[in-house]
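Just below is one structure, and these are the notes that go with it.
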Amino acid sequence: MLAGAALGLVAAMGLMIVRAVMGPSHYDRILAANSMGTKTVLFIALIGFLFGRPAFLDVAIVYALINFVATIALMKFFRYQSLSQNLTGQEAADETTEHV
Amino acid sequence: MSEPVQMIGGALILLGAIWSIMGAVGVLRFPDVYTRIHAASLTDTGAATLMLFGMGLMGEAGMVTLKLFFVWAFIMLTTPTSANALANAAFGSGHSPRIGNFQIVRGKNGGGSAPDRGARA
């Protein structure tokens, strides 16, 4: 039963990879990466139960946190084309670029 | 841990996997960025709740249950937040949602799944 659920999660992750490859806009790709990260968290926890190693749950916790940060960073990069800019709309990088 | 509780936990995990596949099919089939965000966000939180609750029923109570609760809490905090930020960024960059009666026309405009900007809003 657990192996069937793991196979189902792998199938869902494959469909997400298809959407990430053929997604027409950047946001489809970011969405597919984020959703696949969530499925990976569930998959890691399930693998820990399947093989009788509950220490995998720590990996799942860390992966859940990193997934969120990676999604926000990717979105900021695709929106502003750089990571060194404020998210508040103020253009803080202008002072450094004007003097160059 | 008794046998029926294990069975219920396994059934919940399997239901969560089926739920996740349904969400992935929705993300693959829906015509718009916003509808895809809707499908992915809702089914991710639902599948995570079902699967982690099933795992909590299967494992022994204690540290494992606490860790599963932490994973569930992180997912329930971060998935709606990232979906909201993603929709906000997509709307701010000029993607208009497709409103009204429309059909997905194959062969026109690259398979018809690309959001056409401002044509139907």
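Protein sequence lines correspond, in order, to chains A and B.
If you count the first sequence from 1, you need to add 686 to reach my numbering.
If you count the second sequence from 1, you need to add 1124 to reach my numbering.
From the three backbone atoms N, C-alpha and C, an ideal C-beta is built for every residue, glycine too.
Compute the beta-carbon to beta-carbon distance between residue i and residue j, rounded to the nearest angstrom, for a pair I have assumed lies under 8 Å.
i, j, result
"M687 (chain A)", "I716 (chain A)", "The pair is not a contact, with the Cβ atoms about 33 Å apart (cut-off 8 Å)."
"T1202 (chain B)", "A750 (chain A)", "7 Å"
"L743 (chain A)", "G734 (chain A)", "6 Å"
"A1213 (chain B)", "Y713 (chain A)", "7 Å"
"I1145 (chain B)", "A731 (chain A)", "Between A731 (chain A) and I1145 (chain B) the Cβ distance is about 17 Å, and since that is not below 8 Å, they are no contact."
"G1133 (chain B)", "M1179 (chain B)", "7 Å"
"A1185 (chain B)", "G1147 (chain B)", "The pair is not a contact, with the Cβ atoms about 30 Å apart (cut-off 8 Å)."
"V1151 (chain B)", "S721 (chain A)", "7 Å"
From the DSSP output, in three-state form, read off residue i for me.
i, result
"F737 (chain A)", "coil"
"H1162 (chain B)", "helix"
"M687 (chain A)", "coil"
"H712 (chain A)", "helix"
"G1186 (chain B)", "coil"
"G1218 (chain B)", "coil"
"D1156 (chain B)", "coil"
"I758 (chain A)", "helix"
"S1126 (chain B)", "coil"
"L1201 (chain B)", "helix"
"I1132 (chain B)", "helix"
"I1137 (chain B)", "helix"
"L1192 (chain B)", "helix"
"S1144 (chain B)", "helix"
"I1223 (chain B)", "coil"
"L769 (chain A)", "coil"
Name the chain B residues that come within less than 8 Å of residue i, Cβ to Cβ?
i, result
"S768 (chain A)", "Here the premise fails: no neighbours, minimum Cβ distance about 15 Å."
"A689 (chain A)", "Ordered by position in chain B, no residue passes the 8 Å Cβ test against A689 (chain A), which lies about 10 Å from the chain."
For chain A, find out if any of its Cβ atoms is closer than 8 Å to the Cβ of residue i; answer yes or no.
i, result
"H1162 (chain B)", "no"
"I1142 (chain B)", "yes"
"L1138 (chain B)", "yes"
"S1126 (chain B)", "no"
"I1132 (chain B)", "no"
"L1166 (chain B)", "no"
"V1129 (chain B)", "no"
"S1220 (chain B)", "no"
"I1223 (chain B)", "no"
Using a C-beta to C-beta distance shorter than 7 Å, which residues of chain A count as neighbours of residue i?
i, result
"A1214 (chain B)", "Y713"
Verify the CB distance criterion: does residue i have a CB-CB separation below 8 Å to chain B?
i, result
"I752 (chain A)", "no"
"I716 (chain A)", "yes"
"A759 (chain A)", "no"
"T724 (chain A)", "yes"
"F763 (chain A)", "no"
"A719 (chain A)", "no"
So with CB distances below 9 Å, who are the chain B contacts of residue i?
i, result
"L707 (chain A)", "Here the sequence assigns Val to residue 707 (chain A), which means Leu is not the residue at that position. Those do not exist, as V707 (chain A) stays about 11 Å from chain B at its closest Cβ, beyond 9 Å."
With 8 Å as the C-beta to C-beta threshold (strictly closer), list the residues of the segment 737-748 of chain A near chain B in chain order. P740, L743, D744, A746 and I747
At a CB distance below 7 Å, what residues from the segment 1177-1204 of chain B approach chain A? Give them in sequence order. M1179, M1182, G1183, V1188, K1191, L1192, F1194, V1195, F1198, I1199, T1202 and T1203
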